[in-house]
Amino acid sequence: MKPHRIRMAHNLIIHYRLHRLMERFNLDYDCPIFEGLFQFCQASAGGSIGAAVKINRGDADIAINWAGGLHHAKKCGASGFCYVNDIVLGIIELLKFHRRVLYVDIDIHHGDGVEEAFLTSDRVMTVSFHKYAEGNYFPGTGNIKDVGFGQGMYYALNVPLNDGMDDENFRGLFRPIIQKVMEIYQPDVVVLQCGADSLAGDRLGSFNLSVKGHADCLQYLRSFNVPMMVLGGGGYTMCNVARCWCYETAVAVGVEPDNKLPYNDYYEYFGPDYNLHFQPRTVENKNFPKELENIRNMLMDHLSHIEHAPSVQFQARPPGTEAPEEEDEDMENRTQPKLWSGEYYDSDNLEDDKKPDPENVA
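So in my numbering, spot 131 of the sequence shown is number 132, and the numbers just go up one at a time.
Quick look at the structure:
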């Protein structure tokens, strides 16, 4: 084999102008390219895989990655502000050591990317609580009748909700459903996506949950004493997202923090009250008791089709991912990877394209 063949093939590709067609990343309008995108994906996906590794090793019973939870990304492309589906990658890592994984999603948007990835599997059960409006709300999926396919039939549960969902109604639906799921499915690990756009006052959301109402989901799942991976997700009112994930971190470690915020680098963002908790808005709750009762009954019927926790046949365990700890690392001074900036072949002049401009190579 001679390396010169690569050079020859590359030269032909350039002269046919095929390289220009390769500069497509299958990104949609809601997933633009931005500076630092690669590092962002590294942090998000790497954080969730690393969290899974810690659980697999028994180093942690709860592992948190607030940079994760990007549940819309698909195998074929990015979607909904999500470039790489760190959740799927983390769950795949968990499945190397655990028989069954339960995925619970409390983002206001349906966790379509995760559901799609495991739609035909009984080793992962997905339960998504989200707003659903007959295709008029992104991503347009998550109908209560969508329950999975093949071996994964009835291992996908969708809980469609309406605007104005408050703490009381959410708790009244979440707890009995999750209790039944835990009883029947008996997961070895729980992955919780804590999208904060289901909070009251979110710029893109329309639910009316308080921070404590949102965190009650984590508190309840924690009570089952099953290892958990806790991830971030959506949330577009920054100060409330920070409040929520801070409080949920406290719930995870069993601490009740003071409502008055300590002084911090972003203190001015939390005015004018500078409190950890905020009051939900006075808005109409369009989730009526009869409808919620029907949803609960339909989901219980879906669960009745699962006779017992699915077994997993004996097989060779795949090697676990190596994730060595980096001690005393300076997080502000890390070696940056060398990346192609996409500016190498911008000119139509082939003579200019022969050699890269050093200033245009990141």
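Idealized CB from N, CA, C, for every residue including glycine.
Inclusion of Ala253 and Ile63 in the CB contact set at 9 Å is warranted, their separation being smaller than that value. Note on the stretch 49 to 95: whole alpha helix (DSSP H) runs with a minimum of 4 residues are 87 to 95, in chain order. Rounded to the nearest whole angstrom, the C-alpha separation of Leu71 and Gly114 is 9 Å. Between the beta-carbon of Ile107 and that of Ser199 there is about 6 Å, and that keeps the pair under the 8 Å contact cut. The beta carbon of Ser312 sits closer than 8 Å to the beta carbons of Arg100 from its chain, once the five residues preceding and following it are set aside; these are given in chain order. Taking Met299 as reference, the option from Ala243, Pro161, Met9, Thr322 with the minimal CA-CA separation is Pro161. Ile65 is positioned such that its CB atom lies no closer than 9 Å to that of Gly196. Per DSSP, Asn163 lies in no alpha helix (DSSP H) segment and is marked neither H nor E. By the CB criterion at 9 Å, Ser45 and Val85 fall inside the cutoff. Membership of Gln220 in the alpha helix (DSSP H) is indicated by the continuous run 212 to 223. Beyond the five residues adjoining it in sequence on each side, Ser122 comes within less than 8 Å, by CB distance, of Gln152, Gly153, Tyr156 in the same chain, given in chain order. Contact check for Leu193 against Met229 passes: the beta carbons are separated by less than 9 Å.
Relative to Leu219, the option among Phe41, Gly255, Cys32, Asp87 whose CA is nearest is Gly255. Residues Tyr221 of the same chain have their beta carbon placed closer than 8 Å to that of Arg176, with the five preceding and five following residues left out of the count. Across the structure, Pro140 and His111 are spaced so that their CA atoms are roughly 7 Å apart.
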